[in-house]
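K.L.:
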Amino acid sequence: MDQKYVKQINIYEANQQYEEIFELLRKLAEETPFDGEVYYQWACTYDGMGKEETAIIYYEKALALGLNGDFLRRAYIHLGSSYRCVGKYEKAKAVLQEGLLAFPEDEALFTFLAMTEHNLQNHEKAVEILLQLLIHHTSSPRILDYKRALSFYSSHLNDVFLEEK
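In the working numbering, the protein residues as written are 410 to 574.
1. Would you mind stating whether residue 522 and residue 505 have Cβ atoms separated by less than 9 Å?
2. Counting Cβ pairs, one atom from each stretch, are 3 or more of them under 8 Å apart for the stretch 483-502 and the stretch 524-534?
3. Suppose only complete runs of 4+ residues qualify. What are the alpha helix (DSSP H) ranges in the stretch 415-455, listed by chain order?
4. What does the alpha-carbon distance come out to for the pair residue 470 and residue 439?
5. Would a C-beta distance cut-off of 9 Å place residue 564 and residue 544 closer than the cut-off?
6. In the DSSP assignment, find the unbroken alpha helix (DSSP H) run with residue 524 in it and report its ends.
7. Compute the Euclidean distance between the alpha carbons of residue 571 and residue 483, then round it to the nearest angstrom.
8. Where residue 592 and residue 452 are concerned, what is the direct C-alpha to C-alpha distance, given to the nearest angstrom?
9. Closer than 6 Å by C-beta to residue 519: which residues in its own chain qualify, once you throw out the five before and the five after it? Chain order, please.
10. Output the distance between the C-alpha atoms of residue 560 and residue 486, rounded to the nearest integer angstrom.
11. Between residue 457 and the rest of its own chain, which residues show a CB-CB distance below 8 Å, the 5 nearest in sequence each way excluded?
12. From residue 463 to residue 417, what does the alpha carbon distance come to, in whole angstroms?
13. Have a look at residue 554 and residue 546 and give me their C-alpha separation to the nearest angstrom.
14. To the nearest angstrom, report how far apart residue 558 and residue 549 are at their CA atoms.
15. Since I believe residue 420 is in contact with residue 454 (beta carbons under 8 Å), could you give me their beta-carbon distance rounded to a whole number of angstroms?
16. What is the rounded straight-line gap between the Cα of residue 472 and the Cα of residue 568?
17. Roughly how many whole angstroms lie between the Cα atoms of residue 415 and residue 501?
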């Protein structure tokens, strides 16, 4: 998709001119029906309007048609988040994990996965993910002083350590 259209969509979105966005996207979909970025933009528009269930349909179509680079990364995040928002936690987890296979260092994917693990009642896993993010991405010297301990405890949250007698 030409960047001039992306910029125009962003302007329309900032002004909540959704009909103009949809009109532009319909035109682009007619001209380039196999362009995943067009459907990604469509999904993002619905997502921004709070219509996650509709957005999911367009994110899935965008992924099926093919996306690259940052569009692909963002599609995994947005689709996973949308599934989570509508209560489809297992689907959210699967999408986010698939995204992490393609983008294994992406902090946003890990963050949304942690929220999803929480929704799935996997609280220990959720906290482990968040602690690892904190350890690896903080610049706080107060936290970094405890990096080794936090790293260990992140995967031993419910363990009890008693002295041997």
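Beta carbons are placed, not taken as given, at the ideal position from N, Cα and C, and that holds for glycine. This one's a predicted model, so the numbers in the text were calculated from it and none came from an experiment.
P.N.:
A quick look at the data gives this:
1. yes
2. Contact annotation: the stretch 483-502 touches the stretch 524-534, with at least three C-beta pairs closer than 8 Å.
3. 427-440
4. 15 Å
5. no
6. 516-528
7. Cα-Cα distance, rounded: 45 Å.
8. Lying before the first or after the last residue shown, residue 592 is absent from the chain, which here runs from 410 to 574.
9. 538, 542
10. 25 Å
11. 422
12. 22 Å
13. 14 Å
14. In this structure, the straight-line span from the alpha carbon of residue 558 to that of residue 549 is close to 15 Å.
15. No, residue 454 and residue 420 are not in contact; Cβ-Cβ is about 13 Å, not under 8 Å.
16. 41 Å
17. 26 Å
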